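S.K.: So the sequence shown is numbered by the numbering used here: it starts at 185 and just counts up by one. Okay, handing you the structure first.
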Amino acid sequence: MTSNALMNNYGTRKITLTRGQGSWVWDDQGNRYLDAISGIAVCGLGHAHPEVTKAIAEQAATLTHCSNLYNIPNQEALAEQLRDLSGLEKMFFCNSGAEANETAIKLARMLGNKRGIDEPTIIVLENAFHGRTLATLTATGNRKVQAGFEPLVRGFVRAPYGDIEALKTIAKNNRKVVALLLEPIQGEGGIRVPEANYLTGLRQLCDEQDWLLMLDEIQTGNGRTGKYFNYQHAGILPDVLTTAKGLGNGMPIGVCLTGPKASELMQPGSHGSTFGGNPLACAAGLATVKVIQEQNLCQQAADMGNYLLQQLTERLGGLDDVIEVRGQGLMLGIEMKQPCTELVEKAAAKGLLINVTAQSVIRLLPPLNISQEEADQLVQTLGELLTQE
Ligand SMILES: *Cc1c(COP(=O)(O)O)cnc(C)c1O
185 MTSNALMNNY
195 GTRKITLTRG
205 QGSWVWDDQG
215 NRYLDAISGI
225 AVCGLGHAHP
235 EVTKAIAEQA
245 ATLTHCSNLY
255 NIPNQEALAE
265 QLRDLSGLEK
275 MFFCNSGAEA
285 NETAIKLARM
295 LGNKRGIDEP
305 TIIVLENAFH
315 GRTLATLTAT
325 GNRKVQAGFE
335 PLVRGFVRAP
345 YGDIEALKTI
355 AKNNRKVVAL
365 LLEPIQGEGG
375 IRVPEANYLT
385 GLRQLCDEQD
395 WLLMLDEIQT
405 GNGRTGKYFN
415 YQHAGILPDV
425 LTTAKGLGNG
435 MPIGVCLTGP
445 KASELMQPGS
455 HGSTFGGNPL
465 ACAAGLATVK
475 VIQEQNLCQQ
485 AADMGNYLLQ
495 QLTERLGGLD
505 DVIEVRGQGL
515 MLGIEMKQPC
525 TELVEKAAAK
535 GLLINVTAQS
545 VIRLLPPLNI
555 SQEEADQLVQ
565 TLGELLTQE
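Structure (structure tokens):
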């Protein structure tokens, strides 16, 4: 049971995981679970991946931390890797998704202030999730995340997801907008996948309006949707990009990346982080990126994602309670007609870890290297669960 020395923000948790290996985790009672949530899209290589473990152990025994008062070769190497992978130019490393988004928000503010706009404004979308700090919970499009934390941060306007016309209306009426911040696929919001030409349309609109296109790829990045970053499916480049979750396979690390329109905004002293980009976190990041590339895990996520989408649609798509099976790569959602949070516990009792988001969407984020046999087992267990077998 959960200790009462902890704040109650997560409530009481019932399962105590003590060990993991690949797509599997074990609890303190010796029960084994197939992990179809991967620590919320974090352990993309599976648990206890030997190359990441080795990199962490070696770096921990060499130099764990030294602060950004000094050059950090691992940080520079990871920045160069991400530059090559993304097509963007410059990186700022931090420790979480929310901090990466704070960096993006600060960049937009810097640009607005440089342009002499008195209240630089960022467009954010309904159902978005951008984190739990004050600025990022303000950017989040979910009242439950915001309630009780007023006053919220100024300088945000809200628009519907997937609706370019609504953004054009804002463009006409609001001359203070400097940036648009969105997740290319909404994760916490319920695995919402936009129409194929959405990102291309947004890129065009941002160019016309001279807005920064800022993509939150904290969940969709690092191979999750079948390309290293989701925007690569659309063949565009954002001006600002954030990622975190899957970057260190479990080591806390986040990063904000910039293209030409935002790369020169930061100056010495504008921003910083004590831990951000430390040798240990970057060693884990370097090992993770290396394995994703060497083992072709983006393509594997695309292929296994297609297979799972097809199998899940076949097995579950026709059920009365199911509205839709959707997703891209290994970021999959099954939208149910009713709230279904009780399924999490029922699935665990069958040896399967899943998550329910937006009350009624079963969210699946298995490791990028989940085997076909494991994927089949996932479909089988979910099928049993939803048909009460
Ligand atoms: C998880 C997540 C965040 C917040 O990341 P933290 O590391 O929890 O701060 C922000 N945006 C998206 C899209 C996320 O999925």
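The beta-carbon is built from N, C-alpha and C at its ideal position, and this holds for glycine as well. In this text the structure is predicted, and so the values were computed from the model without any measurement.
With a threshold of 7 Å (Cβ to nearest heavy atom), would A292 be considered close to ligand 1?
M.R.: For ligand 1, not one heavy atom lies less than 7 Å from the Cβ of A292.
S.K.: Would you report the Cα separation of A425 and K274, rounded to the nearest angstrom?
M.R.: Sequence check: residue 425 is Leu here, not Ala. Spanning the two alpha carbons is a distance of roughly 10 Å.
S.K.: Return yes when the Cβ of G489 is within less than 8 Å of the Cβ of G513, no when it is not.
M.R.: Yes, they are a contact pair.
S.K.: Drop a sphere of 10 angstroms on the beta-carbon of R184, count the other beta-carbons inside from all chains shown, and report buried for 16 or more, exposed for fewer.
M.R.: This structure does not reach residue 184, given that the chain is present from 185 up to 573, and the question cannot be answered.
S.K.: Does DSSP put G405 in a helix, in a strand, or in coil?
M.R.: coil
S.K.: What's the gap between the Cα of G228 and the Cα of K429?
M.R.: 9 Å
S.K.: With a threshold of 7 Å (Cβ to nearest heavy atom), would N285 be considered close to ligand 1?
M.R.: yes
S.K.: Quick one: does the C-beta of K298 sit closer than 7 Å to a heavy atom of ligand 1?
M.R.: It does not: the Cβ of K298 is nowhere closer than 7 Å to a heavy atom of ligand 1.
S.K.: Around the C-beta of P523, are 16 or more other C-beta atoms found within 10 angstroms, so that it is buried, or is it exposed?
M.R.: For P523, the number of other beta carbons within 10 angstroms of its own is below 16, and it is reported as exposed.
S.K.: Are the Cβ atoms of G453 and F277 separated by less than 8 Å?
M.R.: no
S.K.: Work out the CA separation of L464 and Q393 for me, nearest whole Å.
M.R.: 41 Å
S.K.: Do you know offhand how far Y491's Cα is from L470's?
M.R.: 29 Å
S.K.: Can you tell me which residues form a DSSP beta bridge with E508?
M.R.: The partner list for E508 (beta bridge, DSSP) reads E519.
S.K.: Going by the C-beta, is S457 closer than 7 Å to any heavy atom of ligand 1?
M.R.: no
S.K.: Put T317 into one of helix, strand or coil per three-state DSSP.
M.R.: Three-state DSSP puts T317 in coil, outside helix and strand.
S.K.: Q370 to I354, Cα distance in whole Å?
M.R.: 21 Å
S.K.: Within the stretch 448-519, note down every full beta strand (DSSP E) run reaching 3 residues or more, in order along the chain.
M.R.: Segments of the beta strand (DSSP E) lying fully in the stretch 448-519: 506-512.
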